[in-house]
Ligand SMILES: Cc1cc2nc3c(=O)[nH]c(=O)nc-3n(C[C@H](O)[C@H](O)[C@H](O)COP(=O)(O)O)c2cc1C
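Numbering (the numbering used here), first residue to last: 1 to 301.
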């Protein structure tokens with residue numbers, strides 16, 4: 001029997017996924033997917049900022065906790081070592097690239113970040129316009145401005161998502177990495193904000209719809225390249241739009257000109273835990289042959 005490439009891929013992906021059940025993306029709630037990780041390094045930003053501070057003074061003797069950073073210090077890889085990982089098999093990178101929200105708080109070297117950003121720009125843009133800009137935010141005061149905006153949205157989203165997940169232990173657990181990020185937002189090592197310039201052909205809102213599609217479509221291929229690069233070198237990253245819910249506020253915080261629109265925000269840091277595999281809808285459910293509705297590969301789902 002002749003097997004189609006789709007059948008091979010699907011069978012392989014099913015084997016890899018094992019018996020894990022599929023959950024629709026919209027079941028995941030506002031803060032997204034789950035991320036299995038060990039609990040070994042739950043230092044808060046505060047612990048990192050003030051290591052070794054006395055816990056108490058008893059009879060004139062200062063008792064201090066050994067900072068977690070000394071008990072379980074994370075040492076980022078050397079830039080050359082990290083970049084060498086870009087040789088990982090493409091299929092493995094694609095299968096395990098996922099939203100990684102819990103991050104080590106150590107800085108990410110520009111020697112790693114800039115080559116990844118440069119590689120991301122190998123992506124296509126509509127009419128080859130290349131009207132993109134990356135704002136990378138590392139300054140704490142700048143991150144604080146963005147954190148303030150984000151938390152304003154999160155104050156609404158969190159109770160809503162919690163209500164939606166009520167009674168569903170897995171869904172509630174899935175929300176934790178997102179909450180961790182919200183709580184530590186200003187301490188995340190670097191926030192990458194891809195922006196695009198509005199021009200006559202490409203605009204973020206309005207009509208014709210193809211101009212809008214071409215606008216965002218000129219950003220997201222580069223974003224995905226960047227996410228794959230992060231995955232390969234061992235950086236955790238996740239594509240986020242909620243932190244940019246109030247564009248005028250973000251524009252003001254970043255000094256963006258009015259014709260430059262921030263499209264998403266990607267917190268980046270060295271990943272904690274394992275990447276694992278992603279759960280996605282089976283290919284047979286998604287592919288329609290010749291016309292919508294003819295799901296000719298359903299038997300392979
Ligand atoms: C356009 C877009 C916007 C997203 N916005 C957010 C966001 O605001 N916050 C967040 O935590 N994740 C956000 N995500 C990440 C998704 O929740 C995540 O990719 C999805 O749940 C699948 O997770 P996985 O890749 O780990 O399997 C966004 C993803 C996309 C494509």
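Even for Gly, the Cβ is constructed at its ideal location relative to N, Cα and C.
As the structure is a prediction and not an experimental result, all values here were calculated from the model.
- DSSP places residue 107 outside any beta strand (DSSP E), giving it a letter other than H or E.
- Placement of the Cβ of residue 273 at a distance of 7 Å or more from every heavy atom of ligand 1 is found.
- Beta-carbon to beta-carbon, residue 267 and residue 181 are separated by about 6 Å, close enough to satisfy the 8 Å threshold.
- Taken through DSSP and simplified to helix, strand or coil, residue 267 comes out as strand.
- Following the DSSP letters along the chain, one finds residue 157 inside the alpha helix (DSSP H) bounded by residues 140-164.
- Straight across, the Cα-Cα distance linking residue 81 with residue 233 is about 9 Å.
- For residue 247, the uninterrupted alpha helix (DSSP H) segment begins and ends at 247-254.
- Sequence-distant Cβ neighbours of residue 193 in its own chain, meaning closer than 6 Å and more than five residues away, are 135, 262, 265.
- In the pairwise beta carbon analysis, the segment 115-124 is classified as touching the segment 227-246: at least three pairs are separated by under 8 Å.
- At least one heavy atom of ligand 1 is found less than 7 Å from the C-beta of residue 242.
- Set against 7 Å, the gap from the CB of residue 261 to the closest heavy atom of ligand 1 is not smaller.
- Remark: the C-beta of residue 96 is outside contact range of ligand 1, defined as less than 7 Å to any heavy atom.
- Beyond the five residues adjoining it in sequence on each side, residue 221 comes within less than 7 Å, by CB distance, of 123, 124 in the same chain, given in chain order.
- Taking C-beta atoms as the reference points, residue 248 and residue 149 fail to come closer than 8 Å.
- Close CB contacts of residue 110 within its chain, under the 7 Å cut and outside five residues either way in sequence, are absent.
- Here residue 195 is bridged, per DSSP, to 133, 262.
- Ligand 1 approaches residue 278 closely enough that one of its heavy atoms is under 7 Å from the residue's Cβ.
- Short of 7 Å from the beta carbon of residue 241, and not among the five residues preceding or following it, lie these beta carbons of its own chain, in chain order: 264.
- Between the segment 275-284 and the segment 204-214 there are fewer than three inter-stretch CB-CB distances shorter than 8 Å, so the stretches are not counted as touching.
- DSSP lists no bridge partner for residue 298.
- Per the DSSP secondary-structure output, residue 235 pairs in a beta bridge with 270.
- Closer than 7 Å to some heavy atom of ligand 1: that describes the Cβ of residue 99.
- Taking 8 Å as the cut-off, the Cβ atoms of residue 191 and residue 250 do not count as close.
- Not one heavy atom of ligand 1 sits closer than 7 Å to the Cβ of residue 206.
- Not one heavy atom of ligand 1 falls within 7 Å of the beta-carbon of residue 120.
- A direct Cα-to-Cα measurement between residue 151 and residue 295 gives close to 42 Å.
- For residue 284, the Cβ stays outside the 7 Å cut-off from all heavy atoms of ligand 1.
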